[in-house]
Structures are given as C-alpha cells and as structure tokens.
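In what follows, a structure is listed as structure tokens, so that the remarks can point back to it.
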Amino acid sequence: MRLHRSAIVIDTHEDVPEELQKKWLDLGVRATTGHVDVPRWREGGLTGAFLAAYVSGEFAKTGGAAMKALEFIDLIHRLVEAHPADLVFADSCAGIRQAKKDGKIAVLVGIEGGHAIEDSLGALSAYQRLGVRYMTLTHTNSNHWADSSGSFFGVDPYDPKKTIIHDGLTEHGREVVLEMNRLGILVDVSHVSDKTIADAIAVSKAPVFASHSSCRALADMPRNVTDDQIRAIGKSGGVVMVNFSSLFLDSKSIDAYVAAKKALQPRVAAAREQWNDDPAKRDAEIAKLLASVHYPDADWTRVVDHIEHVLRVGGPQAAGLGSDFDGIEDPPTGLEDVSKLPKLTEELLRRGHSEGEVRGVLGENFLRFWERADAARKAMPPSSEPLPFSKPN
Ligand SMILES: [Zn+2]
Numbered sequence: 092m093r094l095h096r097s098a099i100v101i102d103t104h105e106d107v108p109e110e111l112q113k114k115w116l117d118l119g120v121r122a123t124t125g126h127v128d129v130p131r132w133r134e135g136g137l138t139g140a141f142l143a144a145y146v147s148g149e150f151a152k153t154g155g156a157a158m159k160a161l162e163f164i165d166l167i168h169r170l171v172e173a174h175p176a177d178l179v180f181a182d183s184c185a186g187i188r189q190a191k192k193d194g195k196i197a198v199l200v201g202i203e204g205g206h207a208i209e210d211s212l213g214a215l216s217a218y219q220r221l222g223v224r225y226m227t228l229t230h231t232n233s234n235h236w237a238d239s240s241g242s243f244f245g246v247d248p249y250d251p252k253k254t255i256i257h258d259g260l261t262e263h264g265r266e267v268v269l270e271m272n273r274l275g276i277l278v279d280v281s282h283v284s285d286k287t288i289a290d291a292i293a294v295s296k297a298p299v300f301a302s303h304s305s306c307r308a309l310a311d312m313p314r315n316v317t318d319d320q321i322r323a324i325g326k327s328g329g330v331v332m333v334n335f336s337s338l339f340l341d342s343k344s345i346d347a348y349v350a351a352k353k354a355l356q357p358r359v360a361a362a363r364e365q366w367n368d369d370p371a372k373r374d375a376e377i378a379k380l381l382a383s384v385h386y387p388d389a390d391w392t393r394v395v396d397h398i399e400h401v402l403r404v405g406g407p408q409a410a411g412l413g414s415d416f417d418g419i420e421d422p423p424t425g426l427e428d429v430s431k432l433p434k435l436t437e438e439l440l441r442r443g444h445s446e447g448e449v450r451g452v453l454g455e456n457f458l459r460f461w462e463r464a465d466a467a468r469k470a471m472p473p474s475s476e477p478l479p480f481s482k483p484n
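So the sequence shown is residues 92 to 484, counted in this note's numbering.
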C-alpha cells in the first residue's frame, strides 16, 4: 500500500460517460453498481483516468458522430467541475503529476471511434483544443479511412472479413495519423484491424499505444494484440494497456462464450424469421438471446499474467493498465471495480518485480510513452495553414 499510494496510477480507458448516459449517478457518491466513482477511484489509488468519449458506430450510419463526441467531452468537463475538491481536468503529463501533488484525481479525455472527426482534420484539431489527448482510430466499425477488427461480441459468429474495406489505413487515414502526431493526440490502436495497426505504426512519427487491449497469445480473440504487435508497439516506444474483461483475459471464458453463442444460432435464425417485418422487435429478441449467454469469469491474477507477458515480449516499459471499467460486463473475480487496483501492486511485488517495474506498470510507463510522443510532436514542423475544409453535402 505504501508503494501503491506513492505511485502515479493511471487507467487509460474507463467508459464512465457511456455508463452515465444509461443511468445517471452522482460520481461523488459510492455506487453499488458500475465499476467507477470518486470514492472507489480514491480507494484504488487512482492518479489519472482517461474517460472515453465513445461514439457508437451507429452514428457513422445516421450522422451526428461529432455531436455525440462533443456531448461526451462536455459531460466529462462538467463532471470535473462538479467535484472540484476531488477532480481536476488534465491534458498533459505535467497535469497528471500536479494532480498527484495536489491530492486530486486527474481526468483526461480520449475519443473512442475515429468516425467522430467526420473525416475532418479541422474537427480533429478542435477536439485537441477541447482537451482530447488520444483517439482510438476505429471502434467496431470500419470508417472512411481505417479498418476495424470488427465486433467479436455481436450475435453472429465473428468474421474479420466483414470489416476489411481498405486493407488498413487509406491515404486520408495516414494524413489523420500524421495530424494527430502534429497536434499531440496519441494514436490508439485498440479496436483496429491487424493491418491498420501495422499501417499506423509505419506512418506515425510518434510511438503508438493500445489503450485497452490484452494479449492474444494468452487469450485468443481479435481485440487483443499479437506478440508481433506487442513487439512493434514496444519498439515504437509505445505501451499496451491491459484490458480487464474476462473475455480479454482467459481462453476458458472465450471458449465457453463462443460455444454458447454457437448453440444460440438456431434460435437467432428463428427470431430473424419470426420478426422479419418488425426490426425493433427482432433486435430486442436477439438482444435478449445474447444476454442469456453465460460463461465463467477469469480470475483477477490473469491481469498480472497479461502484464507480465507484455513486459516479456514488448520490453520492460511496455505495459500499463487500461481496465475498460464501466465498458465491460465481466470484470474478473477479485478485481470487480477500480477500488481493487492495489491488489495488482501486491501481486506484482509477490511475483518478484522491483518497485521501479511496478511503478512503471501503474503509470510511469504510460507517462514515458506520452513524453516520447510529445518529443515527436515538437520535432514536427508547425502548420499555420488552414486545414482542408469539408464540403457541404
Ligand atoms: Zn473499447
């Protein structure tokens, strides 16, 4: 606890805004549901949390993606303003370190889903001015300039081909990544396709990171990163921030989940047939079926297994924490919410990691990565030219 309390502790992916949209709660009061609130952040020893301005892929179809991102960014600023004694908005490494000194929790913003920029570099730049410091290039939908790894959690059997549209990043996608580098928005490769990860690493002038992904070698599912990808991210100076969902941690959970979904397929087909003329009813019935899928949760020590794997494969500064709390339904047994984070410190020490290594995993590795990305930003020529304007429809 002495080490944990004195360390910078950073979680790079929490879906609090999405959770609040479903059910409004005062973040200052300890809740019995969800995974995150101020009291539990305090118990967990959090120094900094990136809250996700998550934009569902549905907005790519209907329009309004930028509006959704703006609403969540505004909500995150409001959350901070509503709890001035506990929270402070941060947009830099220095801001996180200052929060630690002041005994406050730094709240930061990442955008999840590159369609939030609506293909506009000007919108990207404006998000930066609002404090956004990372962007996940895609969510489960491929956008106009980057391929996604798709949806592993949909009702249909997983098929990576469904979201392969561009074979990685398009020319505009490369421009987006370079503009992110220039603006100081960290490039997040969680959710993107394997080819998009390779393209992003190749084109980016700054190291890249995965804000909430675990290791495919230990839990074979497409949202996790392969050993080659961990190596490449580590070599770029980046970090892999381990996701705490049981389905990201343990093959037993994944196998049971895939088998249960497969067994459901005849009933899914029957529901599609029966409610063919009533899409709302059809989707509700299928959602009910999907909610009936059960599988065993992982044990919390699996998180440490994944951390150790990243350190072994990606290098001693390559691992961190990207819990995905409030965005997942299945945290591992023993790590049910953000208040339990000190257990990770205890387990890492028990397994023989040095204090320095533990501090690295808890937050310093992420800060070092961010500092390297900042150095890359400063090395890029500033652009005073207007960004290309989007055309009216
Ligand atoms: Zn996500």
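Ideal Cβ placement from N, Cα and C applies to all residues, glycine included.
- Contact annotation: M332 and A301 have beta-carbon atoms nearer than 8 Å.
- Spanning the alpha carbons of D396 and L94 requires a straight line of approximately 20 Å.
- Note that the region 400-419 touches the region 315-327; at least 3 beta-carbon pairs, one per stretch, sit closer than 8 Å.
- In this structure G136 is in contact with V100, their Cβ atoms being roughly 5 Å apart against a cut-off of 8 Å.
- When the five nearest sequence neighbours on each side are left out, the beta carbons in the same chain lying within less than 6 Å of the beta carbon of G213 are those of L478, in order along the chain.
- In this chain, the beta strand (DSSP E) harbouring L412 covers A410 to L412.
- Judged by the Cβ position, H282 qualifies as a neighbour of ligand 1 at the 7 Å threshold, a heavy atom of the ligand being closer than this.
- The region 164-180 and the region 115-124 touch, with no fewer than 3 CB-CB distances between them shorter than 8 Å.
- Excluding its 5 nearest sequence neighbours in each direction, E110 has C-beta neighbours in its own chain below 7 Å: G125 and D417, listed in chain order.
- The C-beta distance from V283 to S240 rounds to 6 Å, short enough to meet the 8 Å contact threshold.
- With a cutoff of 7 Å, D238 does not count as near ligand 1, since its C-beta is closer than that to no heavy atom of the ligand.
- Closer than 7 Å to some heavy atom of ligand 1: that does not describe the Cβ of D417.
- Straight-line spacing of the CA atoms in A362 and K352 works out to 14 Å.
- Excluding sequence positions up to five before and after S337, its CB lies within less than 6 Å of the CB of S344, D388, A389, D421 and P423, all in the same chain and listed in chain order.
- The nearest non-hydrogen atom of ligand 1 is less than 7 Å from the C-beta of H303.
- For the 8 Å CB-CB criterion, A157 and E209 form a contact.
- DSSP places D290 within a helical segment (H, G or I) once states are collapsed to three.
- Relative to the non-hydrogen atoms of ligand 1, the Cβ of E203 comes within a distance shorter than 7 Å of at least one.
- In this structure, the CA atom of A160 is about 21 Å from the CA atom of L178.
- The beta-carbon distance between T229 and G259, rounded to whole angstroms, is 11 Å. This is too long to meet the 8 Å contact definition.
- Going by beta carbons, I377 and V246 fall inside the 8 Å limit.
- For F180, the enclosing beta strand (DSSP E) starts and ends at L178 to F180.
- With respect to the 8 Å criterion, G186 and V200 are not classified as neighbours on the basis of their beta carbons.
- Look at E105 here: in three-state DSSP terms it is strand.
- The DSSP assignment places 223-227 as complete runs of the beta strand (DSSP E) inside the region 213-266, in order along the chain (cut-off: 3 residues).
- Sequence-distant Cβ neighbours of N456 in its own chain, meaning closer than 8 Å and more than five residues away, are V330, Q408, A409, A410 and G411.
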